[in-house]
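Chains as they are written, first to last, in our numbering: chain A, 2 to 325; chain B, 291 to 557. Inspection log for the structure reproduced underneath, given as structure tokens.
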């Protein structure tokens with residue numbers, strides 16, 4: 002709309018970026034060429050085992066351990082976080098004690114303890130103390146190592162999730178709770194409809210981190226001892242073949258594959274819960290603010306930056322070309 | 291005890307005032323913010339509360355819908371004691387559910403709007419009728435559309451608060467409060483966070499409300515609005531009511547030294 006012609010500026014050049022990129026690519030290429038020919042990596046063995054039945058089954062087990070323990074941990078974590086923020090001092094202390102124990106001891110030690118559960122408590126009785134229990138079961142028979150591994154991982158993780166959720170809930174402006182309260186909404190409604198949805202934006206990134214972390218922590222379940230997860234299984238195979246390196250590569254490939262999928266999922270979750278936040282675009286198409294009424298917005302022509310033409314190309318800057 | 295019972299008990303046809311405060315005090319720790327506020331707001335009356343910052347205006351407003359708990363005195367809305375139940379000469383704290391029921395009938399508009407940022411304008415207005423009153427969706431939608439039209443934002447239904455100007459956000463906030471069909475509206479410095487050129491659009495909506503007969507208590511620094519719209523003006527300072535009266539009267543001819551000193555600075 003303005004009578005001025007748009008700015009035509011020579012784009013700022015970043016020669017060192019290119020230099021650095023070329024150096025990195027050259028280094029990576031060297032590493033790959035070298036690795037491809039190095040006998041210790043034993044690529045044929047990697048190819049042979051990566052889709053081995055035992056390995057794919059172990060990958061599924063690892064994924065199950067991750068998903069089940071994270072689901073339990075998130076639910077427990079939300080409960081613990083709300084308990085810690087509760088006005089009831091009894092409830093707060095219980096949550097605090099839980100965190101103290103489960104965050105204060107190594108997860109490996111906790112997993113060993115869960116493995117020994119059936120030795121410490123041969124049977125678990127449900128009923129009134131000093132009377133015939135209503136229900137009693139043998140710990141050994143009821144809880145296999147897979148279940149114990151999930152319990153161990155989940156209870157440990159719940160302590161960390163509680164802190165993440167608590168940080169998220171505290172990040173929501175107090176005015177939000179007041180506005181909801183003033184409208185006559187109850188505590189639970191306020192939490193569910195107003196506070197929790199807004200805290201998700203803060204909670205999701207570190208939770209994604211925790212899921213990825215959990216995927217790898219499952220390699221510790223050998224402490225229970227549960228031995229059908231990805232890492233323990235590949236190590237067991239290499240113990241037979243006396244060829245550990247390709248098995249480590251096989252396990253790493255599967256871990257990387259799952260992690261990549263989780264990162265994609267996290268991206269979409271973050272997008273979903275960023276609705277209505279500050280400088281993002283509105284979700285609905287065509288609803289960008291227009292210049293009516295009192296909406297403050299920047300108008301006028303944006304300066305255009307054009308790529309430098311051949312003629313304006315400065316004589317080769319410091320190290321414009323890569324080394325070699 | 292509700293309004294009709296109160297009328298029967300008092301034995302004559304006069305209805306109780308919308309708000310009655312008798313010696314309302316409020317302390318935060320050792321800091322006494324309100325020191326015995328007594329005032330009445332009649333049905334359909336617009337009362338403006340003015341005074342220097344820290345005088346307790348906002349605290350008093352927040353006591354009326356029990357966002358703050360009163361330390362001493364009685365505060366009732368439409369004949370119903372706020373926050374407590376009285377039986378056998380004793381006061382019992384209300385359960386959260388009962389306090390929430392009292393708040394339904396009292397709309398509140400905040401200085402910083404406090405719209406729900408993850409909901410569109412429409413969803414903001416519909417939220418409480420849907421979740422608190424359990425209205426059906428079609429009706430709530432229809433009402434929300436009408437309310438947004440009324441505040442002049444019929445074309446902004448699907449905007450998130452972040453994409454509205456301050457004045458538009460505050461008008462959505464007013465529509466959101468009105469959606470619960472309150473009998474009393476509380477405004478806590480509704481224009482203080484706005485750019486000067488956006489103040490007028492919010493005040494216009496409030497004038498419209500006053501003209502429709504809504505009972506309103508407005509904490510404000512907009513003396514022009516007070517003079518034009520308010521039925522009575524209350525000047526507060528240091529937790530006490532210093533002066534009450536007809537706005538034009540108080541503004542042009544304040545009786546107290548403190549009132550005069552304040553107006554000489556703001557007018």
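Ideal Cβ placement from N, Cα and C applies to all residues, glycine included.
When burial is assigned at 16 or more other CB atoms within 10 Å of the CB, is residue i buried or exposed?
i	result
residue 376(B)	exposed
residue 346(B)	buried
residue 255(B)	Because residue 255(B) is not part of the residues shown, which for chain B are 291 to 557, the question remains open.
residue 193(A)	exposed
residue 255(A)	buried
residue 208(A)	buried
residue 71(A)	buried
residue 97(A)	exposed
residue 335(B)	buried
residue 238(B)	This structure cannot speak to residue 238(B), because chain B is shown only from 291 to 557.
residue 14(A)	exposed
residue 58(A)	exposed
residue 342(A)	Given a span of 2 to 325 for chain A in the structure shown, any question on residue 342(A) remains unanswerable.
residue 157(A)	buried
residue 39(A)	exposed
residue 241(A)	exposed
residue 7(A)	exposed
residue 106(A)	exposed
residue 354(B)	buried
residue 27(A)	exposed
residue 455(B)	buried
residue 243(A)	exposed
residue 428(B)	exposed
residue 525(B)	buried
residue 178(A)	buried
Report the residue from the options whose alpha carbon sits nearest the alpha carbon of residue i.
i	options	result
residue 152(A)	42(A), 222(A), 177(A)	222(A)
residue 175(A)	196(A), 185(A), 103(A)	196(A)
residue 439(B)	426(B), 459(B), 465(B), 457(B)	465(B)
residue 405(B)	266(A), 199(A), 8(A), 11(A)	199(A)
residue 514(B)	450(B), 374(B), 475(B), 489(B)	489(B)
residue 402(B)	483(B), 323(B), 447(B), 462(B)	483(B)
residue 205(A)	18(A), 79(A), 31(A), 10(A)	79(A)
residue 308(B)	430(B), 501(B), 337(B)	337(B)
residue 492(B)	462(B), 313(B), 521(B)	462(B)
residue 327(B)	358(B), 531(B), 318(B), 448(B)	531(B)
residue 413(B)	437(B), 400(B), 498(B)	437(B)
residue 331(B)	507(B), 454(B), 538(B)	507(B)
residue 82(A)	119(A), 171(A), 263(A)	171(A)
residue 188(A)	88(A), 95(A), 37(A), 234(A)	88(A)
Using a Cβ-Cβ cut-off of 7 Å (strictly less than) and excluding sequence neighbours within five positions of residue i, which residues of its own chain qualify?
i	result
residue 66(A)	150, 151, 154, 219, 222, 230
residue 509(B)	339, 347, 348, 351, 477, 478, 479
residue 102(A)	none
residue 135(A)	127, 128
residue 503(B)	334
residue 361(B)	315, 316, 317
residue 1(A)	Given a span of 2 to 325 for chain A in the structure shown, any question on residue 1(A) remains unanswerable.
Going along the chain, which residues of its own chain have a beta-carbon closer than 6 Å to the beta-carbon of residue i, five neighbours each way excluded?
i	result
residue 63(A)	219, 230, 231
residue 35(A)	none
residue 411(B)	446, 447, 449, 462
residue 162(A)	74, 75, 78
residue 239(A)	245, 248
residue 521(B)	335, 336
To which residues does DSSP link residue i through a beta bridge?
i	result
residue 557(B)	BP columns for residue 557(B) are empty, so no partner.
residue 228(A)	Residue 228(A) pairs with nothing; no bridge assigned.
residue 522(B)	337(B)
residue 362(B)	315(B)
residue 119(A)	According to DSSP, residue 119(A) bridges with nothing at all.
residue 321(B)	318(B)
residue 99(A)	Paired residues: none, contrary to the question.
residue 239(A)	Residue 239(A) pairs with nothing; no bridge assigned.
residue 477(B)	399(B), 508(B)
Report all residues from its chain with a CB closer than 8 Å to the CB of residue i; omit the five preceding and five following residues, and keep chain order.
i	result
residue 470(B)	394, 395, 397, 418, 419, 422, 423
residue 557(B)	513, 541
residue 374(B)	381, 382, 383, 384
residue 372(B)	353, 354, 355, 356, 360, 365, 366, 392
Regarding residue i and the ligand NAP, is the C-beta to nearest heavy atom distance less than 7 Å?
i	result
residue 442(B)	Among the components of this structure there are no ligands whatsoever, and the ligand NAP is therefore not found.
message = So, does the region 140-150 of chain A touch the region 110-129 of chain A, judging by three or more C-beta pairs under 8 Å?
response = yes
key: At least 3 beta-carbon pairs within less than 8 Å: the region 363-375 of chain B vs the region 533-548 of chain B   = no
query = Using 8 Å as the Cβ pair cut-off and three pairs as the minimum, do the region 382-390 of chain B and the region 451-468 of chain B touch?
reply = no
Contact the region 111-122 of chain A vs the region 21-40 of chain A: 3+ CB pairs below 8 Å = no
inquiry  = Count Cβ pairs between the region 241-254 of chain A and the region 48-58 of chain A that sit closer than 8 Å; are there 3 or more?
reply    = yes
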